[in-house]
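Straight run, no breaks: the sequence shown in the working numbering ends on number 382. Take a look at the structure set out below.
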Amino acid sequence: MDHITRSDAASDFNGIEHVPKKAITMGISTILKAKRIILLAWGHKKAPMIKDTIEGTVSSSVPATFLQNHQNITLILDDEAASELTRIKTPWLVGQCIWTEKLRLKAVTWLSELLNKPILKLTDKDYNEHGMSGLLAIEGSSYDLNIKIFDHLQHTITGWPGGKPNADDTHRPERALPEKKRVLIFSPHPDDDVISMGGTLLRLIDQGHDVHVVYQTSGNIAVTDQEALKFAEVFNAFTNGPNSSKFQETISYLKSKKTSDRDPDAILKIKGLIRRMESLGAIRHLGLSDDNVHFLDLPFYETGRVKKKPLSREDITLTKKRLLKKLHRINCTLREI
């Protein structure tokens, strides 16, 4: 198997080093002999390949493109896997659109990037040549549309994410009052906060707001066995106390573990603590107190595997408790959109 395939499967095998290098596959010529083909794909990692499969030139470098020649094939995709398809990403290039405010913003910024032109310099010709004549018919002219989109974008940009004190907030993305706000940031994993909004988080802290970060999962399955083994060996070498034998068992297990095994709760606890300390270290670096960091360890996530539990009442209750305090702002971070 190639590196991309093995990398995609790494999370299911607790590291790429455990992913098999060989697999039994079926040749494309054999697949094409089938009376009917059903292709399933989900997740954003499959989006580029799905685009090539459906819209790309038939080529041996992308064997899936040969499926274009089959007369009876059905593709079943989720939104993320289909996100790079022209009809999804740039529907105005395919046909008429219902021009919602969100789609207008998306289309104009796309055109600006495509032509490497500032928004205010886009012309009627630019819009007409790229499938947006219908949008111009609604807005009247490129001049009016450009100013409208430019103003919208300008009003989302600020160096004061918690609001600027003593300033007119009519066109600012955040109200000025109260000057010091209580801000709650939900971070699914213990690093999504700094990955998704690290700059904003730092500004909120530096500008004196009461910032709280809530981590929804322990992130234990993202910690490798080698990392857990290292910490277990350090603790075992440091102490000869009553817990020493337990850590010797942990060390022996990690050294002999099979890739398909679910980690025992004790090892999941070690891995979760590693992620917890990493996140606290990052938060301290930003100047936030440990008291402002909260770990939910939602049951939804805590399965010890990639597959999660169904959403439960306990998940909702634990989350709701963090919303009971009077809040002025809530941020929900996402690593990928």
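Where is the CB? At the ideal position from N, CA and C, for every residue including glycine.
- Aspartate 238 and serine 263 have their C-alpha atoms spaced approximately 14 Å apart.
- Within the same chain, Gly207 come within 6 Å of glutamine 252 by CB-CB distance, once the 5 residues on both sides are set aside.
- In this structure glutamate 294 is exposed. Its beta-carbon is surrounded by fewer than 16 other beta-carbon atoms within 10 angstroms.
- Residue Ala182 holds the alpha-carbon nearest to the alpha-carbon of isoleucine 143 among Ala182, Glu174, Pro108 and Gln116.
- The region 186-200 and the region 225-241 do not touch, with fewer than three beta-carbon pairs separated by less than 8 Å.
- In this structure, the CA atom of leucine 274 is about 24 Å from the CA atom of lysine 66.
- DSSP lists His257 and Ile375 as the bridge partner or partners of leucine 229.
- Using a Cβ distance threshold of 8 Å, arginine 149 and leucine 180 count as a contacting pair.
- Straight across, the Cα-Cα distance linking aspartate 342 with lysine 80 is about 48 Å.
- Every beta strand (DSSP E) of 3 residues or more that sits fully in the region 250-329 is shown, in chain order, as 255-260.
- A contact between stretches requires three or more CB pairs, one per stretch, nearer than 8 Å, and the region 113-124 meets this requirement with the region 80-90.
- Considering only Leu247, Ser357, His254 and Asn337, the residue with the shortest C-alpha distance to leucine 222 is His254.
- Less than 8 Å divides the Cβ of valine 153 from the Cβ of isoleucine 194.
- Taking a C-beta distance under 8 Å as the contact criterion, lysine 370 and arginine 217 do not qualify as a contact pair.
- Annotation note: the region 76-151 contains the following uninterrupted beta strand (DSSP E) runs of length 3 or greater, listed N- to C-terminal: 82-86 and 118-122.
- When DSSP states are grouped into helix, strand and coil, valine 338 belongs to the strand group.
- Around the Cβ of threonine 201, a 10 Å sphere holds fewer than 16 other Cβ atoms; the residue is exposed.
- Beyond the five residues adjoining it in sequence on each side, proline 93 comes within less than 7 Å, by CB distance, of Glu129 in the same chain, given in chain order.
- Just measuring C-alpha positions, the residue of Thr70, Gln113, Lys96 and Ile118 sitting nearest isoleucine 83 is Ile118.
- Counting only residues of its own chain and dropping the five nearest sequence neighbours on each side, histidine 339 has a CB closer than 6 Å to the CB of Val259.
- The three-state secondary structure of phenylalanine 195, taken from DSSP, is helix.
- Inter-segment contact for the region 268-284 and the region 49-60 is present: three or more beta-carbon pairs are separated by less than 8 Å.
- For glutamate 174, there is no enclosing alpha helix (DSSP H), as DSSP marks it with neither H nor E.
- Close CB contacts of phenylalanine 111 within its chain, under the 7 Å cut and outside five residues either way in sequence, are with Ile73, Leu77 and Val103 (chain order).
- Rounded to whole angstroms, the gap between the alpha carbons of lysine 302 and phenylalanine 280 is 20 Å.
- At least 8 Å separates the beta-carbon of threonine 168 from that of tryptophan 155.
- Between the alpha carbons of isoleucine 250 and leucine 368 lies a distance of about 20 Å.
- By the C-beta density criterion, valine 64 is buried, having at least 16 other C-beta atoms within 10 angstroms.
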